[in-house]
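Protein chains in written order, with the UniProt record's numbering: chain A, 1 to 230; chain B, 1 to 230.
Glycine residues also receive a C-beta, built at the ideal position from the N, C-alpha and C atoms.
These notes concern the structure reproduced below.
Number of protein chains: 2
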Amino acid sequence: MQNARPAKVVAMGESVGPQVYRILRERIIQAELLPGERLSESDAAKSLSVSRQPVREAFIKLSEEGLVQVLPQRGTFVTKISVASVMDVRFVREAIEADIVRVVAGDPAAETVAELRRQLAEQRKVSHDDRTGFLRLDELFHHTLAAAAGKSYAWSVIESVKAQMDRVRFLSVDDLHIGRLIEQHEKIIDGIAAGDKTAAEEAIRLHLREILTSLPEIARSRAELFDDTE
Amino acid sequence: MQNARPAKVVAMGESVGPQVYRILRERIIQAELLPGERLSESDAAKSLSVSRQPVREAFIKLSEEGLVQVLPQRGTFVTKISVASVMDVRFVREAIEADIVRVVAGDPAAETVAELRRQLAEQRKVSHDDRTGFLRLDELFHHTLAAAAGKSYAWSVIESVKAQMDRVRFLSVDDLHIGRLIEQHEKIIDGIAAGDKTAAEEAIRLHLREILTSLPEIARSRAELFDDTE
DNA sequence: AACACTTGACTTGTATGGTAGTAGGTTAGT
DNA sequence: ACTAACCTACTACCATACAAGTCAAGTGTT
């Protein structure tokens, strides 16, 4: 007898809709739910011990973020990855973050630079095969940049874009070239600290392109996870 | 007796949830529903002759887009405008569209330039006090740029940002300086046609800043529509 | 064998009842 | 007159039942 009546998964004190959303979102990003996989309002509701309604609302949010695809009367599926769409979202992220670092470099606060360098030290400590650990620090780094520029809406867009990109990173078989990424983080900080807007901008543009170098390889080795209509 | 039982407003063939979303979104952007105004699932459902559920889902989508604010057990309100948040979203739009025009200017297709110039002629024809007419052409213009760059996701972000900015433009009492805006459109096209990335970028950045020149004035004259926690 | 049809088990979409929480006005108590 | 408790009328949230569409397997017919 294993969980004929599954335990309550969601906590009290917060609406269950957003909770379901976060749970599913996390599982999709971390490739626990694979691209192409079929979901179902009823199944998810049962496994989380909630009704269909909050699950449905979570599905809607996920579909707006592009993580699932809802086909009326047919089913809901984790959206397959497509090289074109990943490059498309990366383009948006690069544009936003390029302008963000220009703002930060234009008036580099000493505390900000110190905080970024502190984070850099943390990043060097993390093991090269601890994806989750590094990605958490990476997220913190980029969030700190956005916060330093005082752009909260910009960050919310980046968060959404980052989800799509992180999904790819979780599928990479080899390490994430963490060493190189950290070096690039350092170049960004150097540019900011020197007040050199253009240098900082070029550094982060290069950085954001580097992240997806493994994409073509993944598209070949795991073609079943990719949209083949391109 | 006026509309004791209101007529069916939504059409068949498409789910009502998205329809309700579009209807409310339009009414909010065009300032028919004013910032701060109270909404209600039940009321909206009754007035549209649908059930509360699709309305609720529309509210959720609107709240993600930042057009309404849902306070659990308290009510749903059209989000008030705030100078800071409008500038925040404008920043994102500028960053994205700047990179878009650089892409387009980097490889300017003759048909694209011709299409843009054709649209420019249309814009000159529209009356200076026909807000809706001009805004539709303006949206087409910017969409054409995004499409020419092949960035569909970028456009979806712009659409969301544009909603927030257009809401302000609908509150402007005077004309929208349409003449000046059209001149700037022309400068953008010129930069693209010349293959001058930097000129095109500077032109669109200036353009997107120009759009909100009336914001401070509106914030003074219609303070009740603005968030006062800033 | 091949094709058209039916049937049934799915899917998401919509409507509705009930629950818990909030806010404001009213009434009872001091 | 003032305060505190209550009470009513709302709100969004959740659960459940029903409706409508899709798809595939199976069946009957040609």
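With three or more beta-carbon pairs closer than 8 angstroms as the criterion, would you say the region 178 to 185 of chain A touches the region 92 to 112 of chain A? No, the region 178 to 185 of chain A does not touch the region 92 to 112 of chain A.
For A/F91, go through chain B and note every residue whose CB falls closer than 9 angstroms to its CB, in chain order. Those within 9 angstroms of A/F91 in chain B are I96, D99, I100, V103, A149, K151, Y153, A154.
On a Cα-Cα basis, can you pick out the residue from A/H177, A/R90, A/S40, A/L62 that is closest to A/R22? Out of A/H177, A/R90, A/S40, A/L62, A/L62 has the C-alpha closest to the C-alpha of A/R22.
Do A/L208 and A/I81 have their CB atoms nearer than 7 angstroms? Judged by beta-carbon spacing, A/I81 lies beyond the 7 angstroms limit of A/L208, meaning their Cβ atoms are not closer than that value.
Quick one: which residues of the region 190 to 216 of chain B get their C-beta closer than 7 angstroms to a C-beta of chain A? List them in chain order. For the region 190 to 216 of chain B, which is checked against every Cβ of chain A, not one residue is closer than 7 angstroms.
What separation, rounded to the nearest whole angstrom, lies between the Cα atoms of A/V92 and B/Y153? Near 8 angstroms, if we compare the C-alpha coordinates of B/Y153 and A/V92.
Taking a Cβ distance cut-off of 7 angstroms, strictly less, list which residues of the region 159 to 192 of chain A are near chain B, in chain order. Within the region 159 to 192 of chain A, no residue has a Cβ that lies closer than 7 angstroms to any Cβ of chain B.
Delimiting residues of the alpha helix (DSSP H) encompassing A/L33: Annotation: A/L33 is outside any alpha helix (DSSP H) and is labelled neither H nor E by DSSP.
Where the beta strand (DSSP E) through B/F141 begins and ends: Where B/F141 is concerned, there is no enclosing beta strand (DSSP E), although the alpha helix (DSSP H) it sits in stretches over 131 to 149.
Taking contact to mean at least 3 C-beta pairs separated by less than 8 angstroms, is the region 121 to 140 of chain A in contact with the region 162 to 179 of chain A? Contact holds: three or more Cβ-Cβ distances are below 8 angstroms.
Does B/V157 come within less than 7 angstroms of chain A when only Cβ atoms are used? Yes, its Cβ sits closer than 7 angstroms to a Cβ of chain A.
Determine contact between the region 135 to 147 of chain A and the region 111 to 119 of chain A, defined as no fewer than three beta-carbon pairs at a distance below 8 angstroms. Between the region 135 to 147 of chain A and the region 111 to 119 of chain A there are three or more C-beta pairs closer than 8 angstroms, enough to call the two in contact.
Backbone CA spacing between B/D227 and B/K187 [nearest angstrom]: Approximately 35 angstroms between the Cα atoms of the pair.
What is the rounded straight-line gap between the Cα of B/F77 and the Cα of B/F59? Looking at the two C-alpha atoms, the distance is approximately 10 angstroms.
Does the beta carbon of B/I60 sit closer than 7 angstroms to a beta carbon anywhere in chain A? Answer yes: the Cβ-Cβ gap between B/I60 and chain A drops below 7 angstroms somewhere.
Should A/D88 be flagged as near chain B, meaning a C-beta pair shorter than 7 angstroms? The Cβ of A/D88 sits closer than 7 angstroms to at least one Cβ of chain B.
Given this structure, state the Cα-to-Cα distance separating A/A84 from A/D190, to the nearest angstrom. Each residue's Cα considered, the two are about 32 angstroms apart.
Give a yes or no on whether the minimum CB-CB distance between A/E14 and chain B is below 7 angstroms. No, A/E14 lies away from the interface with chain B (no Cβ there is under 7 angstroms from its Cβ).
Helix, strand or coil: which one does DSSP assign to B/T229? In the three-state reduction of the DSSP assignment, B/T229 falls in the coil class, being assigned neither a helical nor a strand state.
Going by beta carbon distance, what residues of the same chain come within less than 6 angstroms of B/P35, once the five residues before and after it are set aside? Sequence-distant Cβ neighbours of B/P35 in its own chain, meaning closer than 6 angstroms and more than five residues away, are V78, K80, I81, L225.
Please go through the same chain and pick out, in chain order, the residues whose beta-carbon is closer than 6 angstroms to the beta-carbon of B/I178, but skip the five residues on each side of it. Around B/I178: H128, F134.
Taking 7 angstroms as the limit between beta carbons, can you name the residues of its chain near B/E94, skipping five residues before and five after? Cβ neighbours of B/E94 beyond the five flanking positions: R205, L208.
Spatial neighbours of A/K162 in its chain, beta-carbon cut-off 8 angstroms, leaving aside the 5 residues before and after: The answer, listed in chain order, is R93, E139, H142.
Compute the distance between the beta-carbons of A/V101 and A/V50, then report whether it is under 7 angstroms. Contact flag unset, no.
Work out the CA separation of B/R27 and B/M1 for me, nearest whole Å. Interpretation of B/M1 is limited by its pLDDT of 39, a score under 50 that renders its predicted location unreliable; the figure taken from the coordinates is listed afterwards. B/M1 and B/R27 have their C-alpha atoms roughly 25 angstroms apart.
Is B/A203 near B/I192, with beta carbons less than 7 angstroms apart? Taking C-beta atoms as the reference points, B/A203 and B/I192 fail to come closer than 7 angstroms.
First and last residue of the uninterrupted beta strand (DSSP E) at B/V70: That run of the beta strand (DSSP E) goes 68 to 71.
At a Cβ threshold of 7 angstroms, is A/E122 touching chain B? Interface annotation, A/E122: not in contact with chain B, CB-CB separation never under 7 angstroms.
Members of the region 69 to 83 of chain A that neighbour chain B once the beta carbon cut-off is set at 8 angstroms: Hits within the stretch, in order: P72.
Since A/E41 and A/R52 should fall inside the 8 angstroms C-beta cutoff, what is the C-beta to C-beta distance between them, to a whole number of angstroms? Sure, about 5 angstroms apart at Cβ, within 8 angstroms.
Out of curiosity, what's the CA-to-CA distance linking A/E111 and A/M12? Cα to Cα, the separation comes out at about 38 angstroms.
For chain B, find out if any of its Cβ atoms is closer than 7 angstroms to the Cβ of A/E37; answer yes or no. It does not; no Cβ of chain B falls within 7 angstroms.
Given a threshold of 16 other Cβ atoms within 10 Å of its Cβ, counted over all protein chains shown, does A/R167 qualify as buried or as exposed? Looking at its Cβ environment, which holds 16 or more other Cβ atoms inside 10 Å, A/R167 is buried.
For A/E111, decide whether its Cβ has a neighbour in chain B, counting only Cβ atoms nearer than 7 angstroms. Not one beta carbon of chain B lies nearer than 7 angstroms to the beta carbon of A/E111.
Give me the residue from A/R90, A/G75, A/P18 with the minimum Cα distance to A/E57. When only C-alpha atoms are compared, the closest one is A/P18.
Contact list for B/S47 against chain A, beta-carbon separation under 7 angstroms: Correct list: empty, because the minimum Cβ distance to chain A is about 22 angstroms.
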